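**Student:** Position in the sequence shown (first residue = 1) + 500 = this note's numbering.
The structure is given below, and queries will be raised subsequently.
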Amino acid sequence: MSEPGGSDGWAPLDPDLNGAAHRPQRPEPPPQAPHAPEPRPYQGPYAPGPYGQYGQHEQYGQYGEQGPYGPYGRYGQPYGGGYAPPAPFTTSRTEDAPPGAPFHRLARNPPHRWWRPLAGSLVIVAGGMGLAVVVMIIGMIVRTVVEGGVPDTDSDSVFGNDTADLAFDLGSLALFLPVALFAAWGLQRRRPGTLSSVAGRLRWRWMLACCGLAVLFCIVSFGASIVAGAAVDDQSSGDEHWVGWGRFLAPAIVILLLVPFQSAAEEYVFRGWLLQAVGACTLEDVKGRVGRAFSVVFRTPWPGIVVGSALFTSGHGYTGWGILDIFFFGAVAAWLAVKTGGLESSIALHVFNNLMAFLLPAAVGELDIEQGGVPWQVVAADIAPMALYAATVVWLARRMKIQTVTAGPEDDDVPVTPPPHPTPVS
């Protein structure tokens with residue numbers, strides 16, 4: 501007897517079918533796997549769109565709030581973390597000295613090399629003298645056009661007028677100021693304002709206070725010189741008399757306009773550039789006992805003070821005790837620049853001292869400053885008020901809490917925010 505189903509897979513006939521045609525039935529299809537989901541259309545960017553659109557599989561909360569997997573769904577952020585922010589870009593070519601640097605070492609910044617102070621000094625000398633020659637040529641051309649004829653080359657006067665010659669002398673010295681600022685920026689790659697002070701600029705409030713002290717210095721110095729002159733048998737002071745406003749006004753205007761720039765230029769060159777140029781040569785890399793000893797000395801401001809004061813003295817025509825007077829003036833001015841962190845006190849002293857030195861002779865008709873031998877009594881009368889001025893300036897600087905070294909991040913009023921760290925790219 502055969503089994504209910506044949507070997508061919510046909511089911512047996514149903515005997516209950518009354519007269520129906522008996523046909524074999526088709527086999528049932530085998531069970532199939534569930535249908536794969538149809539591909540979804542393009543869903544837009546991976547980031548969540550407004551109100552939860554663009555293909556988020558599930559909505560959590562009202563208005564498409566983000567689900568438990570973050571804004572990019574359960575599969576994480578696409579493309580392995582995105583792009584890192586670009587590095588900051590700067591166009592500055594200058595770098596300052598490190599925090600805590602005193603005034604005489606402001607030129608020792610990261611770009612410093614041994615040849616930069618030497619090259620800058622040559623540029624200052626050549627540039628200043630070149631500009632002076634250009635001004636002289638222009639002045640002589642103007643004089644030739646106005647007066648007609650050829651100027652007398654044997655005369656000591658450049659322009660044939662004492663006031664014009666005085667303006668040329670003062671203006672020629674003033675031209676060294678922009679050249680020194682350019683040398684600091686172009687060759688030493690630092691801000692030109694670092695020649696002025698550790699703050700990178702002239703501190704005008706402190707300058708005003710120093711001007712007041714300089715006026716008092718001039719008053720005391722003038723009184724002391726009168727007393728010293730009475731003790732000296734001076735045969736050249738008997739014919740001096742007031743020349744009147746007609747002859748005094750023009751030289752006075754020239755003096756008042758140009759002496760501040762002439763005096764400031766000398767301070768920037770001798771107490772700014774030279775002091776810092778020597779101060780940058782600290783000999784820190786020198787080895788050996790002798791080398792270390794020289795390094796200790798050159799880290800102090802005194803080599804720069806001595807060199808600058810000696811060159812400053814050589815530019816004047818004084819002899820005898822007058823040399824000591826000029827050297828002491830330069831040394832005091834440089835020492836004040838270091839102690840106060842800037843040139844403000846020395847500029848104020850130099851400006852008002854020169855104003856008095858030029859205006860008083862101009863009032864009696866003498867525009868040429870006579871330089872030569874000076875009695876020791878006059879030198880003593882000048883040195884004593886100068887020392888008093890220096891002591892008063894240092895005391896006032898401490899009272900006013902004047903900045904004497906370069907500031908660091910901890911000294912700034914605004915907290916320093918570190919730059920953002922770039923996002924790591926996996």
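Yeah, the Cβ is synthetic: ideal placement off N, Cα and C, and Gly gets one too.
Bear in mind the structure is a predicted one, so any value in this text is a computation, not a measurement.
Mind listing, in chain order, the continuous beta strand (DSSP E) runs of no fewer than 3 residues lying wholly within the region 700-747?
**Tutor:** Whole beta strand (DSSP E) segments, 3+ residues: zero.
**Student:** Kindly identify the DSSP beta-bridge partner or partners of SER697.
**Tutor:** The partner list for SER697 (beta bridge, DSSP) reads GLY842.
**Student:** Starting from the Cα of ALA607, find the closest Cα among TRP876, GLY628, LEU675, GLN688 and give me that residue.
**Tutor:** That would be GLN688, whose Cα lies nearest to the Cα of ALA607.
**Student:** Tell me whether VAL658 sits in a helix, a strand or coil according to DSSP, three-state version.
**Tutor:** Correct three-state label for VAL658: coil.
**Student:** Hey, out of PHE858, LYS901, SER809, PHE722, whose CA is closest to PRO760's CA?
**Tutor:** Nearest of PHE858, LYS901, SER809, PHE722 to PRO760, Cα basis: PHE858.
**Student:** Does the beta-carbon distance from GLU698 to GLY908 come in below 8 angstroms?
**Tutor:** One point to set straight first is that residue 698 is Val, not Glu, in the sequence displayed. Contact flag unset, no.
**Student:** Which runs of the alpha helix (DSSP H) at least 4 residues long sit entirely within the region 807-865? Give them in chain order.
**Tutor:** The qualifying runs are 821-840, 844-863.
**Student:** For PRO803 versus VAL838, is the C-beta distance shorter than 8 angstroms?
**Tutor:** The answer is no: Cβ separation not under 8 angstroms.
**Student:** Taking the straight line between their C-alpha atoms, what separation do you get for GLY772 and LEU888?
**Tutor:** Their Cα atoms are separated by approximately 23 angstroms.
**Student:** Rounded to a whole number of angstroms, what is the C-alpha to C-alpha distance between PRO617 and ILE726?
**Tutor:** Distance between the alpha carbons of PRO617 and ILE726: 43 angstroms.
**Student:** On the CB-based measure, 16 or more other CB atoms within 10 Å of its CB, does GLY820 come out buried or exposed?
**Tutor:** By the 10 Å Cβ count, GLY820 comes out exposed.
**Student:** Where does GLY873 fall in DSSP's three states?
**Tutor:** Residue state, collapsed to three classes: strand.
**Student:** Smallest Cα separation from ALA831: which of PHE812, GLU844, VAL625?
**Tutor:** If we check each option's Cα against that of ALA831, PHE812 comes out closest.
**Student:** How about HIS850 and GLU740: are their beta carbons less than 8 angstroms apart?
**Tutor:** The answer is no: Cβ separation not under 8 angstroms.
**Student:** Can you tell me the Cβ-Cβ gap for LEU713 and VAL893, rounded? I've got them flagged as a contact below 8 angstroms.
**Tutor:** Between VAL893 and LEU713 the Cβ distance is about 6 angstroms, and since that is below 8 angstroms, they are a contact.
**Student:** Sorted by chain position, which residues of the same chain lie with C-beta nearer than 7 angstroms to PHE748's C-beta, five sequence neighbours on each side aside?
**Tutor:** The answer, listed in chain order, is ALA862, ALA863.
**Student:** Measuring straight from C-alpha to C-alpha, what distance separates ILE883 and ARG593?
**Tutor:** Answer to the nearest angstrom: the Cα atoms are 43 angstroms apart.
**Student:** Starting from THR457 and walking both ways along the alpha helix (DSSP H), at which residues does that stretch end?
**Tutor:** Outside the displayed span of the chain (501 to 926) sits residue 457, for which this structure offers no information.
**Student:** Spatial neighbours of HIS604 within its chain, please: CB distance less than 7 angstroms, with the 5 preceding and 5 following residues excluded, ordered by chain position.
**Tutor:** Counting only Cβ-Cβ distances below 7 angstroms, and skipping sequence neighbours, we find LEU775, GLN776, GLY779, PRO801, GLY804, VAL838.
**Student:** Flag this pair as touching only if the region 629-638 and the region 872-880 have three or more C-beta atom pairs under 8 angstroms; answer yes or no.
**Tutor:** No: the two stretches stay apart, fewer than three of their Cβ pairs being nearer than 8 angstroms.
**Student:** Considering only their Cβ atoms, is the gap separating LEU896 from ALA709 smaller than 8 angstroms?
**Tutor:** Taking 8 angstroms as the Cβ cut-off, ALA709 and LEU896 qualify as a contacting pair.
**Student:** Which of the three DSSP states, helix, strand or coil, is assigned to VAL905?
**Tutor:** It is a strand residue.
**Student:** Could you check how far apart the C-beta atoms of ILE847 and TRP706 are, in whole angstroms? I think they sit under 8 angstroms.
**Tutor:** Not confirmed; about 11 angstroms, so no contact.
**Student:** Measure how close the beta-carbons of ALA834 and SER809 come, nearest whole angstrom, since I'm counting them as under 8 angstroms.
**Tutor:** About 6 angstroms; that satisfies the 8 angstroms criterion.
**Student:** Could you work out which residue in GLY872, SER721, ALA890 is closest to ASN854 when comparing CA atoms only?
**Tutor:** Cα-wise, what sits closest to ASN854 is SER721.
**Student:** Could you check what DSSP says for PRO598 in three-state terms: helix, strand or coil?
**Tutor:** Residue state, collapsed to three classes: coil.
**Student:** Over the uninterrupted alpha helix (DSSP H) stretch that includes LEU479, give me the two end residues.
**Tutor:** Because the chain here runs from 501 to 926, residue 479 falls outside it and cannot be looked at.
**Student:** Let me confirm a value: ILE624 is counted as buried when at least 16 other C-beta atoms fall within 10 Å, else exposed. Which label applies?
**Tutor:** With 16 or more Cβ atoms within 10 Å of its Cβ, ILE624 is classed as buried.
**Student:** Identify, in the order they occur along the chain, each residue of the same chain with its Cβ nearer than 6 angstroms to the Cβ of THR906, setting aside the five sequence neighbours on each side.
**Tutor:** Excluding sequence neighbours, THR906 sits near ALA597, PRO599, ALA601, VAL698.
**Student:** Kindly list the residues whose CB is nearer than 7 angstroms to the CB of LEU758, restricted to its own chain and excluding five residues on each side of it in sequence; keep chain order.
**Tutor:** ALA667, LEU670, GLY671, ALA674.
**Student:** Shortest alpha-carbon distance to ILE755 belongs to which of CYS781, LYS787, ILE869?
**Tutor:** Comparing Cα-Cα distances from ILE755 to each of CYS781, LYS787, ILE869, the minimum goes to ILE869.
**Student:** Evaluate LEU681 with the Cβ neighbour count: other Cβ atoms within 10 Å of its Cβ, from every protein chain shown; 16 or more gives buried, anything less gives exposed.
**Tutor:** With 16 or more other Cβ atoms within 10 Å, it is buried.
**Student:** Three-state secondary structure (DSSP) at LEU767?
**Tutor:** Per the sequence shown, residue 767 should be read as Glu rather than Leu. Helix at GLU767.
**Student:** May I ask which residues mark the beginning and end of the alpha helix (DSSP H) holding MET640?
**Tutor:** Taken as a continuous stretch (DSSP letters only), the alpha helix (DSSP H) holding MET640 covers 615-647.
**Student:** Would a C-beta distance cut-off of 8 angstroms place GLU595 and ARG690 closer than the cut-off?
**Tutor:** Yes, they are a contact pair.
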